[in-house]
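Peer 1:
In the working numbering, the protein residues as written are 1244 to 1785.
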C-alpha cells in the first residue's frame, strides 16, 4: 500500500507524467527548487576534501535555509491534530420539513447532494507532539467547499465551553497552559481560575469525567458549541446549534486506561484515524441541528446564547440534516493538516451569526491568528482555497502567487472601466433589531450550577467514581482555600457531588507548602521523577 501511494502524483498533480521534465530527465531525479539537477547530495564544495567550504555552495545554501524555515508557528491552541478529506451528503429535510423552510444555504437543499469537506481533529491545550491521551477537550473543525464558497464549522467534541464571554478566553488558556516559569501544567493555576469563574463548573464536570479523554477521533462526538442562525429566502431567522453524531458509536477512556495506552503509543488517535481510512473503514458522522425561534426566550432558565449551557434535547430535539464521510487521507500532513485554517466567521449565504458573546470574539480571533500563523494569503493555499471562482481587489502581501480579478489594471471598486461589480443579494437580507445601552455586564440568567448538577446525576456510577477520583487527584495539589471554593461550587450543583469531593480531599490533603503541581490527570507525576532518579542505571562517561 505504501509503495502504491509513493508512486501517486503529488497534491498539485505533478509526478511521473509531469510534462515539464526535460528530455531524458527521470521523474525521480533530485533537483533544487530552481529545477537544477543535484548531482551530489552527499558532499559540500570545499577547498580539498578536508578544507573549508566555499560560499558558492548554492544547493547547500538553498537546502539549509529552507530547512531553517520549515515550520510556521504552531497554533496557540489546537496544535496537536489529525485530518482527513471526505464529503457531506445532505438529506434535504430537517425533521419532517423541507430544509428551505429554515435556511436557503444551498448545500442543505437537495437530498443526496454531496459537498467536499476537510475535517481536522485536535487536542486544545498542549503542543503539536503531545500525547493524545491527555485530559483535554478535543477540537472538531470541518471545512465545507460549497458552491457558494467555504463554510467552516469550528467546534469541539464537548457541546459546551468553559466561559461565555470572549474577553476571558486568553486568561482561560493561560491558566490551563503550562506555568510560564516551570513549563509544567499546574492544577493549582487551573483551579485558581476555575474557582473564580463559576460558569466553568459545567464544563469541568464533563472534562474530569471519562468524557475528558475520548478513546479515538472516529468514536467522538462533535459540536459547533456556539449558537448560530439559519436564514431562509424571506430573511426570517431561527437560532441553531450544530452537533456531529458518530455512526461508529462513542467511546471514552478512564484515567488508568489512558495512561496504559500512552505508555505504548501517544499517537494512537492519529494512527487509528489514518489506518481505518487506509483499510476502507470510512468513519461517518450524522450532522444534527437543534432549533429555536430567534428571540430571548424568557421562559427558559438559561440564555440560549450562553455557550456554557446545553439546550435540553427533550425541548429542542436533534434533527438530522445530513451525514459526513471521511474517505481520503492527506497526501502531505504539513500542506493539508498543519496549514489548514478555519474560522467561525466563514459562513455562506443562509447561515448567520447570533449575538453569542463567545462567538463574536472567536470570529475575529480565528482569522486573525491564521494571518499571523500562515500568512496574509493563506486563503490561496489549496487546502484553504474555495472550490469556486474568486474575484477580489485584495492586493499583494507575502507569498501572493495569483491575482483574483478579471482586469489586472483595476484593483478598486466602483469602476466604470472594467473593474469588479457588487454581487446581487440571493435573498432577503436578515436585519435583526437590537436596542440597549452600551454596557459591561454579564447576562441575566447565569444559572451556573443547575445543568452541572444534572450532568453529575446523569453519569453512571462508575463514571461518577471516575469524576470524583480525577477531581480529588487534581484538587489535592491546590491550596485549601481553592479546595473549599470548589467544594462549595460542587455542592451547589448537587449535595452528593460536593460531599464526595470533600471526603476525598480530607484523605488526600492539600498543597500548603507551595510544591510544584503535576499535569491534570497525573497526580503521581512527582513519584515518576523520583523513580527516574532511583531506577536510572549509572554509566561511565566517554
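All C-beta atoms in this analysis are idealised placements derived from N, C-alpha and C, irrespective of residue type, glycine included.
Count the other C-beta atoms from every protein chain shown that fall within 10 angstroms of the C-beta of residue 1415, then say buried if there are 16 or more, exposed otherwise.
Peer 2: The residue is buried, with at least 16 neighbouring Cβ atoms inside 10 Å.
Peer 1: Have a look at residue 1524 and residue 1775 and give me their C-alpha separation to the nearest angstrom.
Peer 2: Rounded to whole angstroms, residue 1524 to residue 1775 spans 41 Å at the Cα level.
Peer 1: According to the neighbour-count rule (16 or more other Cβ atoms, all chains shown, within 10 Å of its Cβ), is residue 1298 buried or exposed?
Peer 2: Residue 1298 comes out exposed.
Peer 1: For residue 1220, write down the residues that DSSP places opposite it in a beta bridge.
Peer 2: Because residue 1220 is not part of the residues shown, which for the chain are 1244 to 1785, the question remains open.
Peer 1: How about residue 1430 and residue 1770: are their beta carbons less than 8 Å apart?
Peer 2: For residue 1430 and residue 1770, no; Cβs fall outside 8 Å.
Peer 1: Could you check what DSSP says for residue 1453 in three-state terms: helix, strand or coil?
Peer 2: In this structure, residue 1453 counts as helix in the three-state DSSP scheme.
Peer 1: Per DSSP, what kind of secondary structure is residue 1332 in: helix, strand or coil?
Peer 2: Reduced to three states, the DSSP call for residue 1332 is strand.
Peer 1: Quick one: is residue 1607 buried, meaning 16 or more other Cβ sit within 10 Å of its Cβ, or exposed?
Peer 2: When all chains shown are included, residue 1607 counts as exposed.
Peer 1: Do residue 1709 and residue 1452 have their CB atoms nearer than 8 Å?
Peer 2: Their beta carbons are under 8 Å apart, which means residue 1709 touches residue 1452 by this criterion.
Peer 1: Contact between the stretch 1477–1492 and the stretch 1291–1311 is defined here as three or more beta-carbon pairs at a separation below 8 Å; is this criterion met?
Peer 2: Judged by Cβ distances under 8 Å, the stretch 1477–1492 makes no contact with the stretch 1291–1311, as fewer than three pairs qualify.
Peer 1: Can you confirm whether the stretch 1332–1352 touches the stretch 1371–1378 when touching is taken to mean that 3 or more C-beta pairs between the two stretches lie within less than 8 Å?
Peer 2: With the cut-off at 8 Å, the stretch 1371–1378 and the stretch 1332–1352 do not touch.
Peer 1: Curious, which full-length beta strand (DSSP E) runs of at least 3 residues does the stretch 1524–1589 contain?
Peer 2: Whole beta strand (DSSP E) segments, 3+ residues: 1527–1536 and 1562–1571.
Peer 1: Can you grab the Cα-Cα spacing for the pair residue 1677 / residue 1305, in whole Å?
Peer 2: For residue 1677 and residue 1305, the distance between alpha carbons rounds to 57 Å.
Peer 1: Where does residue 1365 fall in DSSP's three states?
Peer 2: Strand.
Peer 1: Please state if the CB of residue 1547 and the CB of residue 1448 are separated by a distance shorter than 8 Å.
Peer 2: It is not a contact, given that the beta carbons lie outside the stated cut-off.
Peer 1: So, is residue 1307 buried or exposed, given that buried needs 16 or more other C-beta atoms within 10 angstroms?
Peer 2: Under this definition residue 1307 is an exposed residue.
Peer 1: Taking 8 Å as the limit between beta carbons, can you name the residues of its chain near residue 1603, skipping five residues before and five after?
Peer 2: Only 1409 and 1596 meet the Cβ criterion.
Peer 1: Could you have a look at residue 1690 and say whether DSSP puts it in helix, strand or coil?
Peer 2: Residue 1690 falls in the coil class under three-state DSSP.
Peer 1: Which term fits residue 1670, buried or exposed, when burial requires 16 or more other beta carbons within 10 angstroms of its beta carbon?
Peer 2: Label assigned to residue 1670: exposed.
Peer 1: Taking residue 1691 and residue 1441 to be in contact with their CB atoms under 8 Å, please state how far apart those CB atoms are, rounded to whole angstroms.
Peer 2: Residue 1691 to residue 1441, Cβ: 4 Å. Contact.
Peer 1: Can you tell me whether residue 1428 is buried or exposed? The criterion is at least 16 other CB atoms within 10 Å of its CB, across all chains shown.
Peer 2: When all chains shown are included, residue 1428 counts as buried.
Peer 1: Any idea if residue 1454 is buried or exposed, counting beta-carbon neighbours within 10 angstroms, 16 or more meaning buried?
Peer 2: Counting Cβ neighbours within 10 Å, residue 1454 comes out buried, since at least 16 surround it.
Peer 1: In this structure, how does DSSP classify residue 1404 when only helix, strand and coil are distinguished?
Peer 2: Note: residue 1404 maps to coil in three-state DSSP.
Peer 1: Decide if residue 1627 is buried, meaning its Cβ has at least 16 other Cβ atoms within 10 Å, or exposed.
Peer 2: Classification of residue 1627: buried, given that the 10 Å Cβ count is 16 or more.
Peer 1: Does the pairing of the stretch 1378–1388 with the stretch 1335–1348 give three or more beta-carbon distances under 8 Å?
Peer 2: Segments in contact, no.
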